[in-house]
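Remarks on the structure that follows.
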Amino acid sequence: MNLEKVKKVLGPKKQFIHGDTAVCYGALLAGCNFYGGYPITPASEIAEMMASLIPKVGGVNIQMEDELASIAAVIGASWTGAKAMTATSGPGFSLMQENIGFAYMTETPLVLANVQRSGPSTGQPTLGAEGDVMQSRYGSHGDYQAIALSPNTIQETVDLTIKAFNLSEKYRSPVFVMISADIGHMREKVVIPDEIELFERKKPDVPPEEYVPFGEGNYGNIKVPEFAAFGTGYHTYVTGLTHNEYGFPATDDQEDHDRLVRRQIEKITDDREELTDIEERNIEDADVVLLSYGLASRSALGAMSKGRDQGKKIGYLRLKTLWPFPNDPVKELSKKVDKIVVVEMNTGQLYHKVKEFADCEVVLSSKIGGEVHTPDEILKEV
Amino acid sequence: MANDNKKMISGKELQEKYLRKDMMPHIFCDGCGLGNVIDYTLRAVDRVGLDMDRTVFLSGIGCSSRIPGYIEADALHTTHGRALAFATGVKMSEPDLNVIVFTGDGDCIGIGGNHFIHAARRNLNMTVIVVNNFIYGMTGGQVAPTTPEKDKATTAPYGNIEPPFDISKMAISSGASYVAKWPVFRPHQPISSISEGLENNGFSLIELLSPCPTAYGRRNRYRQLQDLWEFYEKNTILVEDYEKIQKFGSEEEKERADKMIKIGVLHEEEREPLEERYYRLLKELEE
Ligand code: SF4
Numbered sequence: 001m002n003l004e005k006v007k008k009v010l011g012p013k014k015q016f017i018h019g020d021t022a023v024c025y026g027a028l029l030a031g032c033n034f035y036g037g038y039p040i041t042p043a044s045e046i047a048e049m050m051a052s053l054i055p056k057v058g059g060v061n062i063q064m065e066d067e068l069a070s071i072a073a074v075i076g077a078s079w080t081g082a083k084a085m086t087a088t089s090g091p092g093f094s095l096m097q098e099n100i101g102f103a104y105m106t107e108t109p110l111v112l113a114n115v116q117r118s119g120p121s122t123g124q125p126t127l128g129a130e131g132d133v134m135q136s137r138y139g140s141h142g143d144y145q146a147i148a149l150s151p152n153t154i155q156e157t158v159d160l161t162i163k164a165f166n167l168s169e170k171y172r173s174p175v176f177v178m179i180s181a182d183i184g185h186m187r188e189k190v191v192i193p194d195e196i197e198l199f200e201r202k203k204p205d206v207p208p209e210e211y212v213p214f215g216e217g218n219y220g221n222i223k224v225p226e227f228a229a230f231g232t233g234y235h236t237y238v239t240g241l242t243h244n245e246y247g248f249p250a251t252d253d254q255e256d257h258d259r260l261v262r263r264q265i266e267k268i269t270d271d272r273e274e275l276t277d278i279e280e281r282n283i284e285d286a287d288v289v290l291l292s293y294g295l296a297s298r299s300a301l302g303a304m305s306k307g308r309d310q311g312k313k314i315g316y317l318r319l320k321t322l323w324p325f326p327n328d329p330v331k332e333l334s335k336k337v338d339k340i341v342v343v344e345m346n347t348g349q350l351y352h353k354v355k356e357f358a359d360c361e362v363v364l365s366s367k368i369g370g371e372v373h374t375p376d377e378i379l380k381e382v
Numbered sequence: 383m384a385n386d387n388k389k390m391i392s393g394k395e396l397q398e399k400y401l402r403k404d405m406m407p408h409i410f411c412d413g414c415g416l417g418n419v420i421d422y423t424l425r426a427v428d429r430v431g432l433d434m435d436r437t438v439f440l441s442g443i444g445c446s447s448r449i450p451g452y453i454e455a456d457a458l459h460t461t462h463g464r465a466l467a468f469a470t471g472v473k474m475s476e477p478d479l480n481v482i483v484f485t486g487d488g489d490c491i492g493i494g495g496n497h498f499i500h501a502a503r504r505n506l507n508m509t510v511i512v513v514n515n516f517i518y519g520m521t522g523g524q525v526a527p528t529t530p531e532k533d534k535a536t537t538a539p540y541g542n543i544e545p546p547f548d549i550s551k552m553a554i555s556s557g558a559s560y561v562a563k564w565p566v567f568r569p570h571q572p573i574s575s576i577s578e579g580l581e582n583n584g585f586s587l588i589e590l591l592s593p594c595p596t597a598y599g600r601r602n603r604y605r606q607l608q609d610l611w612e613f614y615e616k617n618t619i620l621v622e623d624y625e626k627i628q629k630f631g632s633e634e635e636k637e638r639a640d641k642m643i644k645i646g647v648l649h650e651e652e653r654e655p656l657e658e659r660y661y662r663l664l665k666e667l668e669e
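Following this line, the structure appears as structure tokens:
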């Protein structure tokens, strides 16, 4: 897809847009040329915006019959070589989990934006939450490693959606962009970047007889195999069954399963350091650090300022990449400070992960029900 | 129309040309109709002359969904019931690819019913071969939405009390542009219908009634494979004959015909497939 054409369709370089639109902008700038959607509050604006914009850049939009189908269509499109995405919210994310697992098992690049609302079940459709963090890691059955990004501004939603496409291409994996409904519907200024670095999935450069579709690849991170799109003569058999390097079912073989699943996990965890994306403020002299992400991190930032004004030595650490989890940075941080307060819009999800790696006291500042933390609510835990 | 006079490819040539040797032996039971289904499909593919580099086979979960594994081509063996949704993504994204879907009765209209009616409605240009064996075979013989009333299944041990679906009828009412139904016990008509389906520019459904001696036959009246063949022979009626009986037959004949399974080319119409509409729209937007 032609970047200049996309920019023309997107309009002025500086705009005042909401997060759902920002997801679309990021996607189109990254070369997304297939959108498979299904309406759901508060993510419907993404489907609407894609329906309007993607045909103008020559891409495909289709509204499927449900979320099971929208993610399925996205996977099918990806196997023809398309950069494909979908967007949804909690109930839809739940419905998609089986096919998300299929995408992991078949190493299919795709991007999924989850505009989170309060759950469980139908919950509070119009109110923001960040309660799908663990679902984004463990929502499908079996063993796999997720990649999930969590922006906290509208500009960052554009930027991290572009990054999500690059990571999905690089690791041949689903990548989640996790925003809360508030980010989805909040307007801020964005600047459309001039230059965009894009990563495209690697194609095999060997003849079909020598191609190993599910083995270790031959470039960069050696655990990602090259991708032969359908219709290019490689005759790839793609199955959700455990398969050997050639793609053929190996459902009774312990070693094949072990090798396949561990490679699929390690292709991502081997690059944990590179994938770590953290913003730190005032860590140097801090006794207490507010660790947060997404919408809640905006409250945490406010709490830090207020606490500092009161003379408290508070630092701030924000995760832009939720998964894979930054194990070492959290461990290192915990050696320098007395206490970590995990600020989350759920009843404690990443809190447990932080506890797993921190050597200091870890407490939770939790808020649910569609309202953000007040600085004082957070400072109570300091 | 497919060229019926073209010399039929021999079984050996068919194997050489289209099957993956690495995947043999296949997992199907003795007496299963799925071998016939593969054979007929590949003969049709050969007759129509599809380029195997530009053909994608998709399937869901179940015995029939294992078929693409044996064919030397690109294939997406997907999740239970969802093959048509995956196929929609493939076809919309790359409309020049030939798309063939294998699915079973449970996969197609049990768990996958919603995708089935929508795929037919969209009339994407793809050929769907649904292998109807009246049962969930791979999982060991549970009752299906197609199991005839009173028949026994592991989850209907006292006989099925639910009325079965008519898959072909559902496809027609949902918008499929080509629908045919045949038992697999004779090769000629299924091959010819699959060929016509492949040549039809739209959603083609070929329902093949196929014996599952393992999970269905032995639990019901069909101890021998022969009994199942006889069942199809006695209980199916060519749609043309059915229509004649409805016009000219006695009440008794009509009643008997009503109880039979109508087979043949059940529906044909010309209707623009969705992908053509979409790409036409793209062109218009460009102008
Ligand atoms: S269980 Fe039935 S459908 Fe499955 S392979 Fe055996 S005979 Fe065929």
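Heads up: the sequence lines are chains E and D, in that order.
Residue numbers for the first sequence follow the working numbering, so the first one is 1 and each next one is one higher.
Residue numbers for the second sequence follow the working numbering, so the first one is 383 and each next one is one higher.
For every residue, glycine included, the Cβ atom is placed at its ideal position computed from N, Cα and C.
Determine the closest residue to residue 37 of chain E out of E/17, E/71, E/26, E/58, with distance taken between C-alpha atoms.
Taking only the C-alpha atoms, the option nearest residue 37 of chain E is E/71.
Just list the alpha helix (DSSP H) runs in the stretch 616 to 669 of chain D, keeping only unbroken ones of 4 residues or longer that don't cross its boundaries, in chain order.
Here the runs fully enclosed are 621 to 630, 633 to 640, 656 to 668.
Give me the DSSP bridge partner(s) of residue 589 of chain D.
Note: residue 589 of chain D sits in a beta bridge opposite D/512, D/563.
Tell whether a beta-carbon distance below 7 Å holds between residue 115 of chain E and residue 179 of chain E.
Their beta carbons are under 7 Å apart, which means residue 115 of chain E touches residue 179 of chain E by this criterion.
Threshold first: 4 residues or longer. Then list the alpha helix (DSSP H) segments lying entirely within the stretch 184 to 228 of chain E, N to C.
Runs found: none.
What residues in the stretch 93 to 110 of chain E bring their beta carbon closer than 9 Å to a beta carbon of chain D?
Cβ contacts with chain D come from 98, 99, 101, 102, 106.
Near residue 302 of chain E, what residues of its chain come up, given a Cβ to Cβ distance below 7 Å and the 5 sequence neighbours on each side ignored?
Excluding residues within five positions, the ones whose Cβ falls inside 7 Å are 375.
Do you know whose CA, among E/100, E/224, E/165, lies nearest residue 198 of chain E's CA?
Per the Cα distances, E/165.
Does residue 385 of chain D come out as helix, strand or coil in the three-state DSSP assignment?
Low local confidence applies: a pLDDT of 49 at residue 385 of chain D is under 50, so the model's placement there is unreliable, and no value is given.
Among E/42, E/334, E/321, E/205, whose alpha-carbon lies nearest the alpha-carbon of residue 186 of chain E?
When each option's Cα is compared against that of residue 186 of chain E, the closest is E/42.
Using three-state DSSP, classify residue 112 of chain E as helix, strand or coil.
Note: residue 112 of chain E maps to strand in three-state DSSP.
Less than 6 Å separating the Cβ of residue 32 of chain E from some heavy atom of ligand 1?
No, the beta carbon of residue 32 of chain E sits no closer than 6 Å to any heavy atom of ligand 1.
Are the C-beta of residue 400 of chain D and some C-beta of chain E separated by less than 7 Å?
Not closer than 7 Å to any Cβ of chain E, the Cβ of residue 400 of chain D fails to qualify, so no.
Three or more C-beta pairs closer than 8 Å, one from the stretch 96 to 111 of chain E and one from the stretch 495 to 507 of chain D: is that the case here?
These segments do not touch.
State yes or no: is the beta carbon of residue 509 of chain D nearer than 7 Å to at least one beta carbon in chain E?
No, because no Cβ of chain E sits closer than 7 Å to the Cβ of residue 509 of chain D.
Run the CB neighbour count on residue 362 of chain E, radius 10 Å, all protein chains shown included, and call it buried at 16 or more, exposed below.
When all chains shown are included, residue 362 of chain E counts as buried.
Residue 535 of chain D: beta carbon under 6 Å from a heavy atom of ligand 1?
Answer for residue 535 of chain D: no, Cβ out of range of ligand 1.
Got a sec: is the Cβ-Cβ distance from residue 470 of chain D to anything in chain E below 7 Å?
Yes, contact with chain E.
Taking Cβ to Cβ, would you say residue 570 of chain D is nearer than 7 Å to residue 239 of chain E?
Taking 7 Å as the Cβ cut-off, residue 570 of chain D and residue 239 of chain E do not qualify as a contacting pair.
Which whole-angstrom value describes the C-beta separation of residue 77 of chain E and residue 471 of chain D, a residue pair presumed to lie in contact below a C-beta threshold of 8 Å?
The pair is a contact, with the Cβ atoms about 4 Å apart (cut-off 8 Å).
Answer with yes or no whether the minimum CB distance from residue 55 of chain E to chain D is below 7 Å.
Cβ-Cβ to chain D under 7 Å: yes for residue 55 of chain E.
Do residue 257 of chain E and residue 249 of chain E have their C-beta atoms within less than 7 Å of each other?
Against a cut-off of 7 Å, the Cβ pair of residue 249 of chain E and residue 257 of chain E comes out as no contact.
Is residue 525 of chain D close to chain E, meaning its C-beta is less than 7 Å from at least one C-beta of that chain?
Closer than 7 Å: no.
Short of 7 Å in beta carbon distance, which residues of its chain neighbour residue 269 of chain E, apart from the five on each side in sequence? Order them along the chain.
Contacts found: 145, 324.
In whole angstroms, give me the CA-to-CA distance for residue 358 of chain E and residue 334 of chain E.
Rounded to the nearest angstrom, the two C-alpha atoms are 5 Å apart.
Going by beta-carbon coordinates alone, are residue 100 of chain E and residue 174 of chain E separated by less than 7 Å?
Against a cut-off of 7 Å, the Cβ pair of residue 174 of chain E and residue 100 of chain E comes out as a contact.
Rounded to the nearest angstrom, how far is the Cβ of residue 451 of chain D from that of residue 405 of chain D, given a contact under 8 Å?
Sure, about 5 Å apart at Cβ, within 8 Å.
Threshold first: 3 residues or longer. Then list the beta strand (DSSP E) segments lying entirely within the stretch 45 to 126 of chain E, N to C.
Within the stretch 45 to 126 of chain E, the complete beta strand (DSSP E) runs of at least 3 residues are 60 to 63, 84 to 88, 110 to 118.
To the nearest angstrom, how far is it from the Cα of residue 384 of chain D to the Cα of residue 441 of chain D?
Any reading at residue 384 of chain D must be qualified, since the residue scores a pLDDT of 46, below 50, and its modelled position is unreliable; no value is offered.
Establish whether the CB of residue 153 of chain E and some CB of chain D are separated by less than 7 Å.
Chain D contact via Cβ: absent.
Kindly examine ligand 1 and report whether one of its heavy atoms sits closer than 6 Å to the Cβ of residue 431 of chain D.
It does not: the Cβ of residue 431 of chain D is nowhere closer than 6 Å to a heavy atom of ligand 1.
Chain D partners of residue 240 of chain E, CB-CB under 9 Å?
Under the 9 Å cutoff, chain D gives 443, 459, 460, 461.
Could you tell me the alpha carbon to alpha carbon distance between residue 390 of chain D and residue 98 of chain E, rounded to whole angstroms?
Using only the alpha carbons, I get a separation of about 42 Å.
Indicate the three-state DSSP secondary structure (helix, strand or coil) for residue 373 of chain E in the structure shown.
It is coil, neither helix nor strand.
Is residue 526 of chain D near ligand 1, with its Cβ less than 6 Å from a heavy atom?
No, the Cβ of residue 526 of chain D stays beyond 6 Å of every heavy atom of ligand 1.
With a 10 Å radius around its C-beta and 16 neighbouring C-beta atoms as the bar for buried, classify residue 161 of chain E as buried or exposed.
Counting Cβ neighbours within 10 Å, residue 161 of chain E comes out buried, since at least 16 surround it.
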